[in-house]
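Asker: Here this note's numbering is used: position 10 in the sequence shown is 3, and no number is missing along the way. Every residue, glycine too, gets a C-beta built ideally from N, C-alpha and C. This structure is in structure tokens; I'll ask about it shortly.
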Amino acid sequence: VQLQASGGGLVQAGGSLRLSCAASGSTFSLSSMGWYRQAPGKQRELVARISSGGSTNYVDSVKGRFAISRDNAKNTMYLQMNSLKPEDTAAYYCNRGWTTPLDTWGQGTQVTVSS
């Protein structure tokens, strides 16, 4: 499975962005998916995940601000990010799996939030 994240950019604090993750192959609808991020000098962390059935889970720091969703007909997952903060600045990646990433990491998409 190949995954391509897109939609990042430069935004002011308080702004919004919507990330997309396009997946190849026929297993997308059967897979749990997750959004991860990695800030400079920090470890990659799981930000949000969504099961094949639509259950969602978020890291505490983004609860109430981010929303993960998926469109199985389009083999695409989304991350709506609202009320962005400078600490959300990171490269964002998508991957399959609920607890462990299953695929090789793609290039990711950079999100930069200015104060």
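1. Which of the three DSSP states is assigned to A32 in this structure?
2. Which value, in whole angstroms, describes the spacing of the CA atoms of M74 and G34?
3. Would DSSP call N65 helix, strand or coil?
4. Find out if the Cβ-Cβ distance for the pair Q36, A15 is shorter than 8 Å.
5. Who are the near neighbours of F21 in its chain, counting only those whose CB is closer than 6 Å to its CB and skipping five residues on each side?
6. Tell me the DSSP secondary structure of L95 in three-state form.
7. For N65 and I43, what's the separation of their Cα atoms in angstroms?
8. Under the assumption that G1 contacts L12 (Cβ atoms under 8 Å), give the Cβ distance between them as a whole number of angstroms.
9. Could you check whether V(-6) and S18 sit closer than 8 Å to each other, using their CB atoms as the reference points?
Answerer: The relevant details are as follows:
1. Position 39 of the sequence shown holds residue 32. In this structure, A32 counts as coil in the three-state DSSP scheme.
2. By one-based count along the sequence shown, residue 74 stands at place 81. By one-based count along the sequence shown, residue 34 stands at place 41. Going from the Cα of M74 to the Cα of G34 covers about 22 Å.
3. Residue 65 sits at position 72 when you count from the first residue of the sequence shown. Three-state result, N65: helix.
4. Position 43 of the sequence shown, counted from the start, is the residue given in the question as residue 36. Position 22 of the sequence shown, counted from the start, is the residue given in the question as residue 15. Going by C-beta atoms, Q36 is not nearer than 8 Å to A15.
5. Counting from 1 along the sequence shown, the entry for residue 21 is found at position 28. Hits under 6 Å: N68.
6. Residue numbering aside, residue 95 sits at position 102 when the sequence shown is read from its first letter. Coil, per DSSP.
7. Reading the sequence shown from its first residue, position 72 is the one you call residue 65. Reading the sequence shown from its first residue, position 50 is the one you call residue 43. The alpha-carbon atoms of N65 and I43 are separated by roughly 12 Å.
8. For this step, residue 1 is matched to residue 8 along the sequence shown. For this step, residue 12 is matched to residue 19 along the sequence shown. Confirmed, about 6 Å.
9. Here residue 18 is taken as the residue at index 25 of the sequence shown, counted from 1. Here residue -6 is taken as the residue at index 1 of the sequence shown, counted from 1. Looking at the sequence itself, residue 18 is Gly, so the reference to Ser does not match. The answer is yes: Cβ separation under 8 Å.
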